[in-house]
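J.: Numbered by this note's numbering, the letters in the sequence shown go through residues 7 to 272 in order. The beta-carbon is built from N, C-alpha and C at its ideal position, and this holds for glycine as well.
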Amino acid sequence: MNANLDITPMQEWINTDGKPLIIAGPCSAETEEQVLETANRIKAEGYAHIMRAGVWKPRTRPGSFEGMGEPALQWLVEAKKQTGLPLACEVATPEHVELSLKYGVDVLWIGARTTVNPFNVQDLADALKGVDIPVLVKNPVNPDLALWVGAFERLQNSGLKKLGAIHRGFSNAQETKYRNSPMWQLAVEMKRLFPQLPMIGDPSHMAGKRALLTELSQRILDLNYDGMIIETHRDPDAAWSDASQQVTPEVLGTMLRELEVRQANY
Ligand code: PEP
Ligand code: MN
């Protein structure tokens, strides 16, 4: 594939002191109390550089929780005020972009179900024209590298340079132990095409269940990714979306500290 991207190094928009970037937070913003308690417990653990929370949820099938929408942005603003953690939200439409920018969301991400649709990505790129905000692009749900690359090219054509990739794995046609198969070679190929593109692993959506989080995070760190985005909830089993893959902020802290010790001992 012949492609070229002009990327701002990640450390120029978020300082992690050379450590892997950690984006942590609930799958979804559910209530003000849930957002604020989760945020403060993440902050107290000390590992996170950015807090994530979904405000508009792209559900594969109708009939489940689809996100709290604009009111949740207000709770996130309050969480940032209390913790100082910058905010990351998923955007899927120009309206999501407009509202996220209005409330001062710091980092946007494009979800896997959006990356698959060039019209959709182009609408987002148009809404972001001339806006200097970091945008992370999840891999498309299907293992099609060109769609992932195309999304970056569309954003680049709108003048965006603070770009990063999120590797969240790919849908399975048959049952596997993963909710979304990592297919590591595709992320490795992205990194070969664009060595300067930050690569962030999403072990939560690869795993689908918390028992697999450690081994996937270990692999992500072993492959020298630039960071991880991990779901954490104050009461994971009671989460309104993705309950089985979330852990408490404290369990996440223990896991990250253990992984750090292992990395240091290599
Ligand atoms: C999410 O991050 O909560 C999400 C919906 O992820 P994905 O787009 O990877 O399915
Ligand atoms: Mn989720």
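May I ask which residues mark the beginning and end of the alpha helix (DSSP H) holding residue 41?
T.: Looking at the DSSP string, the run of the alpha helix (DSSP H) that includes residue 41 is 38-51.
J.: Beta-carbon separation of residue 206 and residue 233 under 7 Å?
T.: Yes. Within cutoff.
J.: For residue 115, which of helix, strand or coil comes out of DSSP?
T.: Three-state result, residue 115: strand.
J.: In chain order, what residues of the same chain have a beta carbon less than 6 Å from the beta carbon of residue 47, not counting five sequence neighbours either side?
T.: Within the same chain, residue 47 has close Cβ partners 255.
J.: Going by alpha carbons, who is nearest to residue 157 out of 147, 122, 180, 177?
T.: Ranking the options by Cα distance to residue 157, first place goes to 122.
J.: So residue 211 is in the alpha helix (DSSP H); what residue range does that whole segment cover?
T.: 209-213 is the span of the alpha helix (DSSP H), which, as asked, contains residue 211.
J.: Quick check on residue 246 - is its C-beta less than 7 Å from some C-beta in chain B?
T.: In the structure shown, chain B does not exist; there is a single protein chain.
J.: Excluding the 5 residues flanking residue 174 on each side, which residues of the same chain have their C-beta closer than 7 Å to its C-beta?
T.: Cβ neighbours of residue 174 beyond the five flanking positions: 118, 144, 145, 186, 208, 211, 212.
J.: Output the residue ranges of the alpha helix (DSSP H) runs that lie fully inside the segment 210-247 and measure 4 residues or longer, sorted by chain position.
T.: Fully enclosed alpha helix (DSSP H) runs of 4 or longer: 219-228.
J.: What residue range is occupied by the uninterrupted alpha helix (DSSP H) comprising residue 153?
T.: Residues 151-163.
J.: Using the beta-carbon of each residue, find all residues closer than 5 Å to any heavy atom of the ligand MN and list them in chain order.
T.: Listed by chain position, these are 33, 248.
J.: Beta carbon of residue 60: closer than 6 Å to some heavy atom of the ligand PEP?
T.: Yes, the Cβ of residue 60 comes within 6 Å of a heavy atom of the ligand PEP.
J.: Do residue 118 and the ligand PEP come close, with the Cβ less than 6 Å from some heavy atom?
T.: Yes, the Cβ of residue 118 comes within 6 Å of a heavy atom of the ligand PEP.
J.: Just to confirm, are residue 106 and residue 73 a CB contact at a threshold of 7 Å?
T.: The answer is no: Cβ separation not under 7 Å.
J.: Which residues share a DSSP beta bridge with residue 171?
T.: The partner list for residue 171 (beta bridge, DSSP) reads 143, 205.
J.: From 69, 57, 84, 125, pick the residue whose C-alpha is nearest to that of residue 95; which is it?
T.: Residue 57 is the option with its Cα nearest to residue 95.
J.: To which residues of the same chain is residue 110 closer than 7 Å at the C-beta, ignoring the five residues directly before and after it?
T.: Taken in chain order, the residues that qualify are 83.
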